[in-house]
Amino acid sequence: MADRRVTIIGSGPAGLTAALYSARANLKPLLVEGLEAGGQLMLTTMVENWPGFRDGIMGPDLMTEMRVQAERFGAEVIQGDVVRVDLQNRPFTLTLANGTSLTTDALIIATGASARWLEIGADRKLSGHGVSTCATCDGYFFRGRPIAVVGGGDSAMEEAVYLTKFASKVTVVHRRDTLRASKIMQDKAFKNPKIEFIWDSEVVDVLDEGKGEVTGIVVQNLKTAQRTTMPLDGVFIAIGHTPNTSLFVGQIELDANGYVRTHSGSRTSVPGVFAAGDVQDHVYRQAITAAGSGCMAAIDAERYVEGLADHHPPEAATLQTTS
Amino acid sequence: MASEKVKTFTDNNFDDETSKGVVLVDFWAEWCGPCRRLAPTVDALASEFDGRATVAKLNVDENPNVPGRFAVRGIPTLLLFKEGQLAETIVGLRAKEDIAQMIQRHLGD
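If you read the protein sequences in the order shown, they are chains D and G.
Just so it is clear: in the first sequence, position 298 is 298 by our numbering, and no numbers are missing.
Each position in the second sequence, counted from 1, maps to that position plus 323 in our numbering.
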């Protein structure tokens with residue numbers, strides 16, 4: 001007997017919706033929150049596109065509501081980080097950072113994606129000393145100071161606009177000559193007098209590692225190869241995300257970019273392992289699509305464990321009823 | 324919400340409070356989502372190290388001087404002091420076990 005019938009890794013909209021549905025199906029799911037509990041919405045302020053809230057809702061508040069709602073129906077939510085999984089043997093085994101391990105019949109992977117860093121080293125070393133991937137966390141420290149935002153998508157524009165509340169000037173550095181951001185976010189950014197754009201350019205260095213704080217960036221124009229040093233006090237990086245799938249490498253099928261491959265709903269290459277949210281979606285990446293796919297994973301997992309309870313693999317059970 | 328084992332530091336009492344023993348300070352603010360995530364970890368550490376190390380929080384909104392002195396420009400940030408000297412810094416979220424090991428390392432000396 002496995003310790004759990006359904007276990008969920010991750011506590012963003014996908015994981016918590018999966019927990020809600022599994023709990024209401026009486027499966028008493030266990031949800032392991034992970035280090036970045038609550039997921040990416042914990043780093044946002046007002047969420048204006050979550051249906052049902054005409055005036056918007058604060059991201060962290062939305063996540064608290066989702067967690068409490070899942071718990072109300074019997075989901076058990078625990079703090080902790082899964083450091084190892086065994087998906088080759090059944091039931092599956094998960095090991096947590098505190099050394100405990102548990103077994104589960106079905107697993108729902110909802111580990112999401114985390115902010116990507118520049119691949120230059122200096123940015124990570126100066127993290128917390130002027131380099132940030134979270135405008136809502138760190139914008140406050142840049143009152144009246146000049147800063148840069150790196151990236152050209154929706155989150156980059158959102159951060160740039162948000163940061164004008166604090167910074168004296170926000171310079172957006174983008175690799176291309178047009179933005180990838182949605183029209184509405186582009187308009188907001190272009191209209192803001194504090195925001196300036198540097199096109200066709202990338203950040204090749206962040207200064208000053210020796211001093212231990214940000215004093216400027218070196219920007220290279222990709223067309224002319226010309227390098228310019230810009231003195232400023234902060235750099236916010238918003239160049240996209242990478243899926244959190246290192247736990248599963250070699251055990252389930254991933255695509256070339258590291259995302260979990262799903263088929264027929266939320267199924268992965270291993271029967272009994274399901275995936276939901278940004279960990280398997282690099283196209284839509286919305287809170288509402290993550291929640292929707294979490295619901296799908298819970299329903300798929302429920303059918304799977306019901307099949308196990310009948311001592312038939314689910315496929316065989318289907319054949320019997322149709323013959 | 325915060326455990327009573329967690330002390331509250333301010334710009335005024337900071338130097339006194341960090342002058343002796345091993346002291347872990349959590350720099351945080353109300354509006355910081357990741358700080359909320361870290362709060363239960365900090366509470367648990369305060370109970371775990373009760374009587375052996377001091378665990379405290381400093382609100383950066385109400386106390387701008389101390390964060391400035393230590394070049395804290397992102398939160399959550401954890402600073403570990405030993406006998407008044409800054410010994411280690413952790414920026415961002417970290418598993419409870421990792422932070423506990425760090426405190427333990429400095430208690431062990």
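Note that CB positions come from ideal geometry on N, CA and C, so glycine has one too.
Assignment of H129 of chain D by DSSP, reduced to helix, strand and coil, places it in the coil class. DSSP places D366 of chain G in the uninterrupted alpha helix (DSSP H) bounded by 356 to 371. Scanning chain D for C-beta atoms nearer than 7 Å to the C-beta of R359 of chain G yields P60, reported in chain order. Around the Cβ of A238 of chain D, a 10 Å sphere holds 16 or more other Cβ atoms; the residue is buried. Only those residues of the stretch 86 to 97 of chain D whose C-beta falls short of 9 Å from the nearest C-beta of chain G are listed: A97. Partner residues in the beta bridge of D349 of chain G, as assigned by DSSP, are G:K380, G:L401. With contacts defined as CB atoms closer than 9 Å, L368 of chain G and I422 of chain G qualify as a contacting pair. Among the residues facing chain G, G151 of chain D is not included, as its CB has no counterpart in that chain under 9 Å away. Not a single C-beta of chain D is nearer than 9 Å to the C-beta of K380 of chain G. In the pairwise beta carbon analysis, the stretch 295 to 308 of chain D is classified as touching the stretch 13 to 30 of chain D: at least three pairs are separated by under 8 Å.
A Cβ-Cβ distance of about 5 Å is found for the pair I195 of chain D and V170 of chain D, placing them in contact under the 8 Å criterion.
Within 7 Å of the CB of A37 of chain D, the CB atoms of chain G belong to R360, in sequence order along the chain.
The C-beta distance from V279 of chain D to V260 of chain D rounds to 5 Å, short enough to meet the 8 Å contact threshold. As summarised for the stretch 136 to 204 of chain D, the continuous beta strand (DSSP E) elements at least 3 residues long and confined to that stretch are 146 to 150, 169 to 173, 195 to 198, given in chain order. The Cβ of T364 of chain G sits closer than 9 Å to at least one Cβ of chain D. Put simply, the CB of F141 of chain D is near chain G, with a gap under 9 Å to one of its CB atoms.
Between R4 of chain D and G38 of chain D, the C-beta gap is not smaller than 9 Å, which leaves the two residues out of contact. Per DSSP, the beta-bridge partners of E411 of chain G are G:L403. What L107 of chain D touches in chain G, judged by beta-carbon distance under 8 Å, is nothing: the nearest beta carbon there is about 21 Å away. Excluding five sequence positions before and after T289 of chain D, the CB atoms of its chain that fall closer than 7 Å to its own CB belong to D281, given in chain order. Residue pairing by DSSP places T331 of chain G opposite G:K380 in a beta bridge. Around the C-beta of R267 of chain D, 16 or more other C-beta atoms lie within 10 Å, and the residue is accordingly described as buried. Annotation: G307 of chain D is outside any beta strand (DSSP E); the continuous alpha helix (DSSP H) that includes it extends over 287 to 309.
The alpha-carbon of D334 of chain G is positioned some 47 Å away from that of A275 of chain D. Distances from the CA of G374 of chain G to each of G:P363, G:V346, G:A362 were compared; the closest alpha carbon is that of G:V346. Contact annotation: the stretch 408 to 420 of chain G does not touch the stretch 157 to 168 of chain D, with fewer than three C-beta pairs closer than 8 Å. For T136 of chain D, the C-beta contacts it makes with chain G under 8 Å involve W354, C355, G356, in order along the chain.
Taking 8 Å as the upper bound for CB-CB distance, G277 of chain D and A110 of chain D are in contact here, some 5 Å apart. Under DSSP, M46 of chain D shares a beta bridge with D:M58. For F92 of chain D, the three-state secondary structure derived from DSSP is strand.
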